[in-house]
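Residue numbers (our numbering): 4 to 314.
Glycine included, every Cβ here is placed at the ideal spot set by N, Cα and C.
Notes for the one structure printed next.
Put into structure tokens, the structure is as follows:
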């Protein structure tokens with residue numbers, strides 16, 4: 004005779020133990036996944052920072068070798084402070100060369116993209132032109148089809164066969180020309196005796212610039228400006244605090260042409276200067292000390308820390 008045995012189920016204690024073990028396993032898996040996610044994010048941020056740093060250095064390596072090319076060596080770097088902007092208010096306006104803040108690096112060079120074809124008479128090709136006249140308010144050149152000029156563009160005027168030269172700056176935008184213009188007049192910013200890039204008044208007093216000789220007239224060249232600096236870009240608000248993303252940007256000083264983003268995540272740019280004359284030492288290296296400029300003649304030097312002697 005077969006007896007009936009009741010079915011054996013899961014007790015409450017067994018169920019609780021099972022649930023507890025499952026929760027422990029799940030918690031461990033979640034902790035491990037979170038740890039891996041944090042490690043991945045940290046690694047990504049590090050790679051992004053390294054990439055931005057390399058991009059910034061490559062930009063400097065590409066532009067810096069041209070500093071001072073084809074122009075007065077005393078004007079190669081701007082030690083006086085580029086105060087005309089655009090200046091980020093979050094960085095205390097234009098914080099040029101100040102070890103207590105992020106620096107700006109400003110330098111100039113003559114644009115090398117021009118030449119004189121042998122079969123083209125006395126005309127130049129590229130970023131150089133023949134000058135017909137210079138006054139205290141304008142420069143007149145022989146322009147070619149397709150030429151255009153931006154407000155803020157710096158020019159170098161040179162007299163062939165002599166040491167006469169002068170710098171001045173455009174005060175108007177000239178759209179690309181549909182045809183050649185043998186007498187294109189470009190309006191210039193007002194001359195300022197203390198600003199070497201606003202000295203058309205010096206050229207207007209020299210016959211080489213004010214009259215057009217029959218052979219080899221004065222020439223006009225472009226001067227490129229490079230201004231690297233850090234600009235915080237607003238990205239949103241957390242609570243009442245505004246959040247910013249620091250960007251390294253390049254300003255060319257030309258009207259209508261926005262600053263170019265060079266690299267993201269660059270919080271500070273620090274520049275130090277070493278001089279050929281060893282007794283001068285370095286400038287811009289003492290942290291927390293203001294970077295100063297002192298006026299002097301070409302033969303004057305200073306050994307004071309964080310001091311540039313300007314001519």
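Handout entry: Residues bridged to residue 231 [DSSP beta-bridge criterion]
Key = As a position in the chain shown, residue 231 is number 228, starting the count at 1. For residue 231, which the question treats as bridged, DSSP gives the partners 108, 253.
Handout entry: Test item: CB-CB of residue 137 and residue 153 under 8 Å
Key = Mapped onto the chain shown, residue 137 falls at position 134. Mapped onto the chain shown, residue 153 falls at position 150. No, the pair does not count as a contact, with Cβ atoms beyond the cut-off.
Handout entry: Short Cβ contact (8 Å threshold) for residue 151 with residue 188
Key = Position 148 of the chain shown, counting from 1, holds the residue named residue 151. Position 185 of the chain shown, counting from 1, holds the residue named residue 188. Taking 8 Å as the Cβ cut-off, residue 151 and residue 188 do not qualify as a contacting pair.
Practice task
Using 7 Å as the cut-off, classify the Cβ of residue 81 as near or not near the heavy atoms of the ligand FAD, replying yes or no.
Solution key: The ligand FAD is absent from the structure shown, which contains no ligands of any kind.
Exercise for the section: State whether the region 157-173 contacts the region 191-208, with contact taken as three or more CB pairs (one from each stretch) at a distance under 8 Å. Expected result: yes
Handout entry: the region 47-61 / the region 263-277 touching (three or more Cβ pairs under 8 Å)
Key = yes
Problem - Outcome for residue 249 when other beta-carbon atoms lying within 10 angstroms are tallied against a minimum of 16 - result: Here residue 249 is taken as the residue at index 246 of the chain shown, counted from 1. With 16 or more Cβ atoms within 10 Å of its Cβ, residue 249 is classed as buried.
Handout entry: Whether residue 246 touches residue 239 by CB criterion (8 Å)
Key = Sequence index remark: in the chain shown, residue 246 carries index 243 (1-based). Sequence index remark: in the chain shown, residue 239 carries index 236 (1-based). Yes, they are a contact pair.
Handout entry: Inter-residue Cα distance where the pair is residue 39 and residue 47
Key = Working through the chain shown from its first residue, we reach residue 39 at position 36. Working through the chain shown from its first residue, we reach residue 47 at position 44. Pairing residue 39 with residue 47, the inter-Cα distance amounts to about 12 Å.
Handout entry: Residue range of the unbroken alpha helix (DSSP H) whose run includes residue 203
Key = As a position in the chain shown, residue 203 is number 200, starting the count at 1. 203-207 is the span of the alpha helix (DSSP H), which, as asked, contains residue 203.
Practice task
Measure the beta-carbon distance from residue 220 to residue 134 and round it to whole angstroms, keeping in mind my assumption that it falls under 8 Å.
Solution key: The residue you call residue 220 lines up with position 217 of the chain shown. The residue you call residue 134 lines up with position 131 of the chain shown. Confirmed, Cβ separation roughly 6 Å.
Exercise for the section: Could you pull the start and end residues of the alpha helix (DSSP H) that residue 212 belongs to? Expected result: For the purposes of this step, residue 212 is identified with residue 209 of the chain shown, where counting begins at 1. First-last of the alpha helix (DSSP H) with residue 212: 210-213.
Exercise for the section: Spell out the partners DSSP gives residue 141 in its beta bridges. Expected result: Here residue 141 refers to the residue found at position 138 when the chain shown is read from its first residue. BP columns for residue 141 point to 190.
Problem - Short Cβ contact (8 Å threshold) for residue 73 with residue 79 - result: Indexing the chain shown from 1 puts residue 73 at position 70. Indexing the chain shown from 1 puts residue 79 at position 76. Contact check for residue 73 against residue 79 fails: the beta carbons are separated by 8 Å or more.
Problem - Neighbour-count burial assignment, residue 64, 16 or more Cβ in a 10 Å radius - result: Counted from its first residue, the chain shown places residue 64 at position 61. Residue 64 comes out exposed.
Practice task
Tell me where the beta strand (DSSP E) around residue 160 begins and ends.
Solution key: In the chain shown, residue 160 corresponds to position 157, counting from 1. Where residue 160 is concerned, the enclosing beta strand (DSSP E) stretches over 157-161.
Handout entry: Alpha-carbon to alpha-carbon, residue 31 and residue 81
Key = Along the chain shown, one-based indexing puts residue 81 at 78. Along the chain shown, one-based indexing puts residue 31 at 28. Using only the alpha carbons, I get a separation of about 59 Å.
Practice task
Give the DSSP bridge partners of residue 170, in chain order.
Solution key: Taking the chain shown and counting its residues from 1, one reaches residue 170 at position 167. DSSP output for residue 170 lists 159 as bridge partner(s).
Exercise for the section: Using beta-carbon positions only, say whether residue 230 and residue 132 come within less than 8 Å of one another. Expected result: On the chain shown, residue 230 is found 227 positions in, with the first residue counted as 1. On the chain shown, residue 132 is found 129 positions in, with the first residue counted as 1. It is not a contact, given that the beta carbons lie outside the stated cut-off.
Practice task
Tell me whether residue 91 is buried or exposed, calling it buried when 16 or more other Cβ atoms sit within 10 Å of its Cβ.
Solution key: Along the chain shown, read from residue 1 onward, the residue named residue 91 stands at position 88. Looking at its Cβ environment, which holds 16 or more other Cβ atoms inside 10 Å, residue 91 is buried.
Problem - Rounded Cβ spacing between residue 315 and residue 144 (contact assumed at less than 8 Å) - result: Outside the displayed span of the chain (4 to 314) sits residue 315, for which this structure offers no information.
Problem - Simplified DSSP state of residue 69, which is helix, strand or coil - result: Taking the first residue of the chain shown as 1, we reach residue 69 at position 66. Reduced to three states, the DSSP call for residue 69 is helix.
Practice task
Report back the beta-carbon spacing between residue 263 and residue 234 to the nearest angstrom; my notes put them in contact at under 8 Å.
Solution key: As a working note, residue 263 is residue 260 in the chain shown. As a working note, residue 234 is residue 231 in the chain shown. In fact, because the Cβ distance is near 11 Å, the residues do not count as touching under 8 Å.
Practice task
May I have the straight-line CA-CA distance separating residue 2 from residue 119, to the nearest angstrom?
Solution key: No statement about residue 2 is possible, as the shown extent of the chain runs from 4 to 314 and does not include it.
Exercise for the section: Compare the C-beta of residue 55 against all C-beta atoms of chain C and say whether one is closer than 8 Å. Expected result: Protein chains in the displayed structure number just one, and chain C is not present.
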